[in-house]
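Those letters in the sequence shown? Residues 21 to 516, per this note's numbering, in order. Cβ atoms here follow ideal geometry from the backbone N, Cα and C, with glycine treated the same way. As the structure is a prediction and not an experimental result, all values here were calculated from the model.
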Amino acid sequence: MTNKLPKDIRFLDTTLRDGEQTPGVALLTKDKLLIAHKLDTLGVKIIETGSAITSEGEREAIRAVANEGLNAEICSYCRVRQEDIDFALECDVDSIHLVVPVSDLHIEIKLKKTYTEVLQMIRDIVKYAKDKGLVVELSGEDASRANLEFLKEVYAVGIKAGADRICFCDTVGLLVPKKTSEIFEELANTFDVPIAIHCHDDFGFATANTLAALEAGATQAHVTVNGIGERAGNTSLEEVVMSLEKIYEYNTGIVLKDIYSTSRLVSRLTGIPVAPNKAIVGGNAFTHEAGIHIHGLIADTSTYEPMKPEIIGRQRKIVLGKHTGKSSVILALKELDLDVSDEQLNEIVARIKELGDKGKHVTDADFEVVAETVLGVVSEPKVKLQQFTVVSGNKVTPTASVILEINGNKIVVKSSVGDGPVDAVIGALRKGIAGVADIRLEEYHVDAITGGTDALVEVWVKLNRDGKVITARGARTDIIMASVEAVLEGINRLMK
Ligand code: KIV
Ligand code: ZN
């Protein structure tokens, strides 16, 4: 695709500042360090690490990141106040993201100042920060609702006082791509310092607006991992990077194979799950079920994938359900090393569809049971549960013990403590089979199928044994029983 993109697009990642403003998120210093390292390895050029004025804890985190010797420029958010700059200086940052409200709404309601007073504040504070040796990026907050002539005056005054870069903030996500292009063409024709775009996703346009700005003269994009941020979030790093790489055929310099692991790390440390249908990093982004798609994928993966999952460090996933066709079943049988006749194949497909029609998520274990039943090769489970006990309460550490029969003769008794009763019993099961197999729990989900405290609970697990991954399910009215059932089912499937 031909494009008008600048030669060198830089990313300012604000996962640790705007991303941390996601309701409910508070990162510890060690978390910020882990994320900052990951962003640095990814190739992000500027890391906005927080807002130094916020608290002593925040300053400790920013200082720790600034003193890690990362390649990226380390930046603190600052308001147009001297105390903010002084706190940023205490944290040894390279640069400040100096934010000034620019819309009439913000100036009147928040700042209670006149245009003239705002311009004077900018002159004074930019000069103060530059005299202290800081790189200054001057941002207009709520710029998309500002008077464009005043906004240009803000930038002009700031640049004259020494600002190194300017940034346009679409604070409440009101831009659309066409308007963004017009504004950025105007700014790029007026100023010759680097210009950044900072978008929010209130109407779902953050990525589109960011790309439009980059095509119209912006040279820097503010982004967050997984698009986390205030309200509907910020522009997502992975969406902009992969759009540039795949659609515009533009080399961003980002280490693409680390994109998915970065997304997982941020999700884990912030506690913000990624929606399954989220572009690029969502659980379903490379998952296929429909028979017709699998047929195409087997011939050529580009039929139903815009990019190969391996590029961003992911793997393709084929799931079975009511849309399953013969192609997916043949693929799944191949993995189990099972040969079937045409008649058996048709029977397996029919039974999988039947399960799917009942609204069931067909797990790997379900598939194996169906296939083995149709082929008449049902095998004895290697691990049988004879008994388990769980103790839990407000004054005791959750503890579980299990008695297992392994391979039909060996009796193993093991116990474990855990964060809760389910964690304890899963720990005991894993200990029980430790001499025979090392199995890791990768995912655990619970769904209440019916309402009320006596609801039928469905537990779905993903287990990993030496790289072989399997999904299994347990369904009971008792969540601990359902968990034991799911894990045991998975263990037995992995030990075959
Ligand atoms: O969205 C925004 O306007 C911001 C500024 C505070 C920079 O995050
Ligand atoms: Zn923002």
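Local Cβ density within 10 Å of residue i, reported as buried at 16 or more and exposed below that
i	result
Ser256	buried
Val416	exposed
Gln407	exposed
Asn229	buried
Gln240	buried
Arg450	buried
Ser399	exposed
Ile94	buried
Asp212	exposed
Thr191	buried
Val433	exposed
His465	exposed
Glu202	exposed
Asp60	buried
Arg460	exposed
Ser348	buried
Leu424	buried
Asp33	buried
Leu125	exposed
Gly517	Residue 517 lies beyond the stretch modelled for the chain, which goes from 21 to 516, so this question has no answer here.
Gly413	exposed
Ser503	buried
Glu462	exposed
Asn23	exposed
Beta-bridge partners of residue i, as assigned by DSSP
i	result
Cys189	His218
Asn484	Arg460 and Val489
Thr244	Ser256
Phe408	Val422
Gly160	Val120 and Phe188
Leu32	Ile66 and His242
Tyr15	A query on residue 15 cannot be resolved here, the shown segment of the chain reaching from 21 to 516 and no further.
His126	For His126, which the question treats as bridged, DSSP gives no partner whatsoever.
Ser436	Ala420
Ala495	Glu478
Lys430	Ile426
Asp467	Glu478
His381	BP columns for His381 are empty, so no partner.
Val403	Ile426
Leu351	For Leu351, which the question treats as bridged, DSSP gives no partner whatsoever.
Thr307	Lys337
Val155	Ser115
Gly316	Paired residues: none, contrary to the question.
Gly413	Val416
Cβ shell of residue i (< 8 angstroms), same chain only, five flanking positions each side left out
i	result
Lys130	Pro121
Met501	Gly494
Tyr148	Gln102 and Ile105
Gly237	Pro26, Phe204, Glu205, Leu207, Ala208, Asn209 and Ile215
Asp114	Ala86, Glu93, Ile94, Cys95, Leu154 and Val155
Arg485	Ala457, Asp458, Ile459, Arg460, Leu514 and Met515
Leu264	Leu25, Ile29, Leu231, Leu234, Tyr270 and Thr272
Leu168	Ile203 and Glu206
Cβ shell of residue i (< 7 angstroms), same chain only, five flanking positions each side left out
i	result
Gly193	Cys219, His220, Asp221, Asp222, Phe223, Phe225, Ala226 and Ala252
Ala310	His343
Arg79	Ala72, Phe107, Glu110 and Cys111
Gly316	Thr323 and Tyr324
Ser436	Ala420, Ala444, Gly447, Ala448 and Lys451
Ala391	Leu353, Leu356, Leu358 and Ile368
Pro296	Gly302, Gly303 and Asn304
Ile312	Gly345
Asn512	Pro401, Lys402 and Val403
Glu173	Leu139
Cut-off 6 angstroms between Cβ atoms - residues of its own chain near residue i, not counting five sequence neighbours on either side
i	result
Arg30	Lys65 and Gln240
Asp384	Ile490 and Thr491
Leu171	Val122, Gly160 and Ala163
Met141	Val100
Met515	Lys402 and Ala457
Lys58	Thr282 and Leu285
Ile331	Leu276
Gly341	Glu309, Gly376 and Val382
Val146	Val156, Gly178, Ala181, Gly182 and Ala183
Query raised in the report: Does the region 279 to 286 come within contact of the region 241 to 254, defined as at least 3 CB pairs closer than 8 angstroms?
Result: yes
Query raised in the report: Quick one, what's near the ligand KIV if you take every residue whose CB is closer than 6 angstroms to any heavy atom, in chain order?
Result: Asp38, Val119, Ser159, Glu161, Cys189, Thr191, His218 and His220
Query raised in the report: How do the region 264 to 273 and the region 302 to 320 stand: do at least 3 beta-carbon pairs fall below 8 angstroms, yes or no?
Result: The region 264 to 273, when compared against the region 302 to 320, does not touch it at the 8 angstroms Cβ threshold.
Query raised in the report: How do the region 65 to 82 and the region 27 to 47 stand: do at least 3 beta-carbon pairs fall below 8 angstroms, yes or no?
Result: yes
Query raised in the report: Is the region 386 to 401 in contact with the region 409 to 427, if contact means three or more CB pairs nearer than 8 angstroms?
Result: no
Query - Inter-stretch contact (C-beta, 8 angstroms, three-pair minimum) for the region 43 to 59 and the region 290 to 299 - result: yes
**Report entry** the region 50 to 63 contacting the region 80 to 88, beta-carbon criterion three pairs below 8 angstroms
**Finding:** Contact between the region 50 to 63 and the region 80 to 88 is present: 3 or more CB-CB pairs across the two stretches fall below 8 angstroms.
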